[in-house]
Amino acid sequence: MKKVYCYSLGLGLVVSVMQPSLVLAERDGAALLEERCSGCHPVALTTSKHKTPKQWQATVSRMKHRGARLTEEELKTLVDYLSETFKP
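Going by the numbering used here, 117 is the number at position 73 of the sequence shown; the sequence numbering is gapless.
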């Protein structure tokens, strides 16, 4: 049985019929992008890029080395979100 999860992305209500873990990863990745990246970059700059998972990994790792506050788990969540959402 699939469950329906609702959450807001700031543009209105979004209803998703997906596995709970996918919904959480998507929401958490979007939240990390907004919370940890938008302080230095406009979100539109990041979301205009389309990279492979390996390229997103390199980009996010580089930003972590430059001071982005991300745990290893958060880095993986963010890379997964960016790789799935903004792929080539």
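Backbone N, C-alpha and C define an ideal beta-carbon position, used for all residues, glycine too.
**Request:** Rounded to whole angstroms, what's the CA-CA distance from K46 to R106? Just pull it up for me.
**Result:** Stepping through the sequence shown from its first residue, residue 46 is reached at position 2. Stepping through the sequence shown from its first residue, residue 106 is reached at position 62. Confidence at K46 is low in this model, with a pLDDT of 45, below 50, so the placement of that residue should be treated as unreliable; the coordinate-derived value is given next. Taking the straight line joining both Cα atoms gives about 38 Å.
**Residue burial classification, A74 (beta-carbon count within 10 angstroms, cutoff 16)** = The residue you call residue 74 lines up with position 30 of the sequence shown. Label assigned to A74: buried.
**Item:** Alpha-carbon to alpha-carbon, H85 and Y51
**Value:** In the sequence shown, counting from the first residue as 1, residue 51 sits at position 7. In the sequence shown, counting from the first residue as 1, residue 85 sits at position 41. Confidence at Y51 is low in this model, with a pLDDT of 44, below 50, so its placement is unreliable and the value that follows should be read with caution. Cα to Cα, Y51 sits roughly 24 Å from H85.
**Message:** Runs of 4 residues minimum, wholly inside the stretch 74–123: which ones carry the alpha helix (DSSP H) assignment?
**Reply:** The qualifying runs are 87–91, 97–109.
**Prompt:** Should T115 go down as buried or exposed, given a rule of 16 or more other Cβ atoms within 10 Å for buried?
**Reply:** As a working note, residue 115 is residue 71 in the sequence shown. T115 is classed as exposed because its beta carbon has fewer than 16 other beta carbons within 10 Å across all chains shown.
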